[in-house]
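In what follows, a structure is listed as structure tokens, so that the remarks can point back to it.
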Amino acid sequence: MIEVADRLKHVEEYYFSKKLKEVAFLKSQGKPIINLGIGSPDLDPPLKAIMALEESLNHAGAHKYQSYQGTPEFRDAVAEFYKSHYNVNLSAKTEVLPLMGSKEGVMHISMAFLNPGDGVLIPNPGYPTYSSVTKLLQAEPLYYDLKEANNWLPDFIALERMDLSKVKLMWINYPNMPTGTNAPHKFYDDIIAFGKRHDILIVNDNPYSFILNDKPKSILQYRQAKDVCLELNSISKTFNMAGWRAGMVVGNYDFVNAVLKVKSNMDSGMFYGIQKGAVEALKSSEMWFESLNSIYRKRRQLVWELAEALNCTYNEDAAGLFVWAKLPEHVKSEEFTDLALKEHSIFIAPGTVFGTNGEGYVRFSICEEEEIIKEAIARVK
14 MIEVADRLKH VEEYYFSKKL KEVAFLKSQG KPIINLGIGS PDLDPPLKAI MALEESLNHA
74 GAHKYQSYQG TPEFRDAVAE FYKSHYNVNL SAKTEVLPLM GSKEGVMHIS MAFLNPGDGV
134 LIPNPGYPTY SSVTKLLQAE PLYYDLKEAN NWLPDFIALE RMDLSKVKLM WINYPNMPTG
194 TNAPHKFYDD IIAFGKRHDI LIVNDNPYSF ILNDKPKSIL QYRQAKDVCL ELNSISKTFN
254 MAGWRAGMVV GNYDFVNAVL KVKSNMDSGM FYGIQKGAVE ALKSSEMWFE SLNSIYRKRR
314 QLVWELAEAL NCTYNEDAAG LFVWAKLPEH VKSEEFTDLA LKEHSIFIAP GTVFGTNGEG
374 YVRFSICEEE EIIKEAIARV K
């Protein structure tokens with residue numbers, strides 16, 4: 014019998030991959046499932062992005078291999094986007110690397126910097142891919158607590174008490190997924206100092222900074238950040254282009270170049286048309302962001318109503334595509350979401366998907382039309 018690699022013994026199929034099979038089966042049996050579990054934007058991308066993609070199909074070189082580093086136009090657009098929205102100066106030639114989505118970047122950064130046995134600081138709760146990629150590379154996940162009592166921010170005293178001798182990399186993610194928490198300015202100064210003190214590469218995963226968030230931040234706008242930080246960003250959430258698979262990693266040349274060494278051995282460049290579309294998306298005016306968020310505000314208000322109908326509480330100051338809600342006392346997350354699926358045909362993500370500190374919480378997506386969310390409320394009431 015041919016056995017799979019040992020690394021797969023420590024990694025399971027992604028929760029949402031498994032759960033969506035169940036949801037699809039229930040739909041095939043005639044169940045009217047409402048999916049509020051996935052953060053897949055359902056709105057249209059910017060019209061100019063679609064037009065640019067369509068027009069690019071007739072370009073003489075559109076169907077050839079593209080540069081591993083992305084087109085100069087795409088890199089320039091990223092640099093300009095960071096300057097205009099975050100007040101961060103980047104060299105388009107040396108400090109910007111386009112990616113096929115920021116999720117790809119989690120793997121590529123990890124491959125570029127981790128050896129087997131290296132420690133990786135991973136938020137609990139947090140994006141499950143940080144943990145699974147760490148395990149795939151046979152590095153050691155070291156979970157640091159995020160708790161409501163500390164506004165879902167790291168406890169630096171607790172971090173300093175950990176054995177950090179083997180830690181090479183730390184994942185942070187603000188606005189946070191799944192909790193929606195925004196980090197204050199002091200946090201960024203503190204995390205940069207922490208990284209410098211312990212020679213730890215800090216990676217800020219930043220795809221939600223323009224969703225229901227009045228003050229977008231980049232870790233790179235803070236002093237000395239480029240010494241120890243990289244940042245992942247994406248056009249998926251902000252521009253409703255998740256399926257296009259376009260994102261970027263930004264930071265100093267040495268870090269970005271290390272990621273390029275991995276990436277250039279993993280793919281043969283991003284499709285030209287997608288890069289053209291991404292360029293136009295990144296040029297979107299402030300009107301785009303306000304129009305997008307006006308829709309999300311209405312949806313979020315309805316999801317709050319749904320959460321209340323299910324006896325959950327929530328933080329109205331949270332950002333991002335989700336509502337992170339606290340369950341009634343002594344109610345287990347997965348039992349609650351299984352019951353919601355069984356009794357109301359509503360799929361909600363249990364907080365435990367994101368770590369043990371997610372027990373007692375659930376996550377609602379706002380990536381559904383208002384009428385569908387109203388139908389979910391009606392079912393519960």
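Counting in our numbering, the sequence shown runs from 14 upward without gaps. Beta carbons: idealized from backbone N, C-alpha and C, even for Gly.
Distance between beta carbons of Y78 and G282, contact taken as under 8 Å | 5 Å
With a CB to CB cut of under 7 Å and the five nearest residues on each side skipped, what residues in its chain are close to D89?
-> Excluding residues within five positions, the ones whose Cβ falls inside 7 Å are A105.
Could you tell me the boundaries of the beta strand (DSSP E) in which N217 lies?
-> L214 to D218
Own chain, CB closer than 7 Å to V36, minus 5 neighbours either side, in chain order = I46, N48 and F360
Roughly how far, in whole angstroms, is the beta-carbon of I386 from the beta-carbon of L319, given that I think they are within contact range, below 8 Å?
-> 6 Å
Which residues in the same chain have their Cβ closer than 8 Å to the Cβ of L315, if we skip the five residues on either side of it in sequence?
-> Shown here for L315: same chain residues with a beta carbon closer than 8 Å to its own, the five before and five after excluded, namely E383, I386, K387 and I390 in chain order.
Apply the 10 Å Cβ neighbour rule to Q448 and answer buried if 16 or more other Cβ atoms are within range, or exposed otherwise.
-> Nothing can be reported for residue 448, as the shown portion of the chain is limited to 14 through 394.
Are the Cβ atoms of K199 and G132 separated by less than 7 Å?
-> no
Is it right to say T365 is buried, meaning 16 or more other beta carbons lie within 10 angstroms of its own, or is it exposed?
-> Buried, because 16 or more other Cβ atoms sit within 10 Å of the Cβ of T365.
Evaluate the contact criterion for the stretch 188-199 versus the stretch 293-313: three or more CB pairs, one atom per stretch, below 8 Å.
-> no
When the Cβ atoms of the stretch 110-124 are set against those of the stretch 260-268, are three or more pairs found closer than 8 Å?
-> yes
If you draw a straight line from the alpha carbon of A152 to that of V119, how long is it in whole angstroms?
-> Whole-angstrom Cα-Cα distance: 14 Å.
For L155, the three-state DSSP class (helix, strand or coil) = strand
Enumerated in chain order, which unbroken segments of the beta strand (DSSP E) with a length of 3 residues or greater are wholly contained in the stretch 68-154?
-> 109-112 and 132-137
In whole angstroms, what separates the C-alpha of P363 from that of H357?
-> Going by the C-alpha atoms only, they are around 16 Å apart.
When DSSP labels each residue in this structure, what does I187 get in the three-state scheme?
-> The displayed chain sequence assigns Tyr, not Ile, to residue 187. DSSP places Y187 in coil when its eight states are reduced to three.
May I ask you to report which of helix, strand or coil DSSP gives N370?
-> helix
Tell me the DSSP bridge mates of C242?
-> I215
From the DSSP output, read off the bridge partner residues of K339.
-> T326 and Y374
Keeping to the same chain, check which residues put their C-beta closer than 8 Å to that of R313; ignore five residues upstream and five downstream.
-> L225, V336 and I379
Those residues which DSSP pairs with S231 across a bridge = BP columns for S231 are empty, so no partner.
Distance between beta carbons of N137 and N370, contact taken as under 8 Å = 5 Å
Label K116 either buried or exposed according to how many other C-beta atoms from any shown protein chain fall within 10 Å of its C-beta, with 16 as the threshold for buried.
-> buried
Since I213 contacts M183 with CB under 8 Å, what's their CB separation in whole angstroms?
-> 5 Å
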